[in-house]
Amino acid sequence: MTELSNNFKHTIDAKNRLFIPAKYRQLLGESFYLYYEPGSPCVAVYDAEEWAKRSQKVIDSHNVDWQRFVFSNVVAVEPDKQGRITVKASFCEGAGLKKEVAVVGVGDRVEIWDAEKYEKEIATLNTSAKQFPSLIG
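For the sequence shown, our numbering begins at 144 and goes up steadily by one.
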């Protein structure tokens, strides 16, 4: 899979529908997976190939509790003709998604954040950026 990058601001409507940018839809494919891990600040979005890898690890663990936990918190989605998906209400609640959201490419996945929460996270990361290795040189 090509790496997902960049970020976009969008809104979730009253029916929990969210527009996914065309760039991401091209990379994610015709259908993809939304995963929310309780306590996480965002909803993760995986293409079918990446989700298959991750879910296989869970299946191979033979840990029924982990399987129940993971597979009860994932949903397959297909964008409608306008490029929108419906985000499960419990995912919106758990991640604190309000009307304004940030749709963020993070390498092997897309993350859906509440826009205000994402801005705070980025501000925190920017203040501690010196701890990260430089990609420039």
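For every residue, glycine included, the Cβ atom is placed at its ideal position computed from N, Cα and C.
Check, Outcome
"Check whether the Cβ atoms of V186 and F234 lie closer than 8 Å to each other.", "yes"
"R160 by DSSP, collapsed to three states: which one?", "strand"
"Is T207 buried or exposed, if buried means 16 or more other CB atoms sit within 10 Å of its CB?", "The sequence given here places Val at residue 207; Thr does not occur at that position. Result: exposed."
"For Y179 and K158, I'd like the C-alpha separation in whole angstroms.", "18 Å"
"Mapping DSSP to helix, strand and coil, what is V249?", "coil"
"Counting along the chain, where does the beta strand (DSSP E) carrying K152 start and finish?", "N150 to T154"
"Report the rounded CA-to-CA distance for E236 versus Q274, giving the unit in angstroms.", "32 Å"
"Below 8 Å on the Cβ atoms is my guess for V244 versus I155; work out the distance and round it to an integer in Å.", "6 Å"
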